[in-house]
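Each protein sequence line maps, in turn, to chains A and B.
Going by this note's numbering, the residue at position 29 of the first sequence is 29; the numbering climbs one at a time, nothing skipped.
Going by this note's numbering, the residue at position 72 of the second sequence is 1072; the numbering climbs one at a time, nothing skipped.
Report on one structure; see the data block that follows.
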Amino acid sequence: MTATNLDPRGPRFAAMLTTVVFVLVLLTGSGWLALAQAVVFAIGAYDPRRTPYALLYRYLVAPRLAPPAEREDPAPVRFAQAVGLVFTVVAVAGYLGGVTVLGIVFAAFALVAAFLNGFFGLCLGCEAYLAIRRLRAGTPTA
Amino acid sequence: MTYVVLAVLAAATVAGLVYRARYGRLRASGGELPPGLLPDPGSAGVTLLHFTWATCAPCRQVRAVCADLAGDLDAVRHVEVDADAHLDAVKSLDIWRLPTLLVVDRHGRVARRTVGVPDRADLRRTVTEVLAA
């Protein structure tokens, strides 16, 4: 257990807050709110412990919980945050560029991913990474 | 837009429940391993063949479950394969998601498989069945 590893409940908490943010983005159609979420993802892709959500978790939530039973490597979380960033940037471009449908579709994708991650513990990278690699490498032989 | 949000959340909830119900459940399988994938294919016993990826948190849990069982039972070994480095094997075994765990019998046939982290007791029971078969 090293200090650089994450309490796995932190990213789950962050994904729940992200879910709420994307619900608000869809309800208000605010590209600026999506942009703020994109900034959070960008920070998370660099270091998941430095996002505003992680700070909220560390100072408000974690002190009320028992210490984590296990800790996890930050690399998968950074990958997921980077994927979130890509989707959110497209949503921002859609909303602020006047192509609202694009904004809605990508915000909805991001909402589903954040919701499944936060509430069901789905590991987005684990689900998508190999499929992307396979499709990129050519048509499946199976 | 409220209805769109509610519909998206409802669909995601259904997907999440299905995902959770299937995750780590070992099911019957078939098929032979591609030649050369295992270092020593003729060895007796059961091989827990674990397809993994460096940035995959559940892969670490699968590693822990498999390593424990392999440590407990002499006839069981745990072999980890980096999916990225073995895309041909990944394709021929029809693997799309990680972590995928294959329970390989002594003849090199895939007896059971699962995506996700199997339950310890469930995996032990499955391995015992495959050993006895």
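Here a beta-carbon is modelled for each residue, glycine too, at the ideal position from N, C-alpha and C.
Computed from a prediction, not measured in an experiment: that's the story for all the values here.
For residue 1052(B), DSSP records a beta bridge to 1082(B).
Only 1083, 1084, 1087, 1088, 1090, 1091, 1092, 1093, 1094, 1095, 1096, 1097, 1098, 1099 and 1100 from the segment 1077–1108 of chain B bring a Cβ to less than 9 Å from some Cβ of chain A. 8 Å or more divides the Cβ of residue 1016(B) from the Cβ of residue 1131(B).
Among the residues of the segment 17–41 of chain A, those with a Cβ less than 7 Å away from any Cβ of chain B are 23, 26 and 27, in the order of the chain. Secondary structure of residue 1075(B) (DSSP, three-state): coil. As computed with DSSP, residue 1109(B) is found in a beta bridge with 1032(B).
In this chain, the beta strand (DSSP E) harbouring residue 1102(B) covers 1100–1104.
Residue 48(A) is a Cβ neighbour of residue 6(A), given a cutoff of 8 Å. Residue state for residue 6(A) is assigned as strand, using DSSP reduced to three classes.
Assigned with DSSP and collapsed to three states, residue 1020(B) falls in helix. Of all alpha-carbon atoms in 1080(B), 1073(B) and 1029(B), the one lying nearest the alpha-carbon of residue 1059(B) is that of 1080(B). The three-state reading of DSSP puts residue 1117(B) in coil, since its state is none of H, G, I, E or B. Under the three-state reduction of DSSP, residue 58(A) is assigned to helix. A straight line joining the alpha-carbon of residue 33(A) with that of residue 106(A) spans about 14 Å. The beta-bridge partner set that DSSP reports for residue 1046(B) consists of 1076(B).
Residue pairing by DSSP places residue 1027(B) opposite 1113(B) in a beta bridge. Rounded to whole angstroms, the gap between the alpha carbons of residue 96(A) and residue 57(A) is 30 Å.
Annotated as distal: residue 1020(B) and residue 1112(B), with beta-carbon spacing of 8 Å or more.
For residue 40(A), the enclosing alpha helix (DSSP H) begins and ends at 31–46. Residue 70(A) sits in coil when the DSSP states are folded into three classes, being neither helix nor strand. Leaving aside the five residues that flank residue 1122(B) on each side, the residues in its chain whose CB is nearer than 7 Å to its CB run, in chain order, 1026. Distance check between residue 1038(B) and each of 1117(B), 1108(B) and 1124(B) places 1108(B) closest, using alpha-carbon atoms only.
Scanning chain A for C-beta atoms nearer than 7 Å to the C-beta of residue 1009(B) yields 115, reported in chain order.
Looking at 4(A), 119(A), 29(A) and 19(A), the one whose alpha-carbon comes closest to that of residue 99(A) is 29(A). Inclusion of residue 1095(B) and residue 122(A) in the CB contact set at 8 Å is not warranted, their separation being larger than that value.
Residues of chain B whose Cβ lies closer than 7 Å to the Cβ of residue 125(A) are, in chain order, 1055 and 1056.
Taken through DSSP and simplified to helix, strand or coil, residue 1038(B) comes out as coil.
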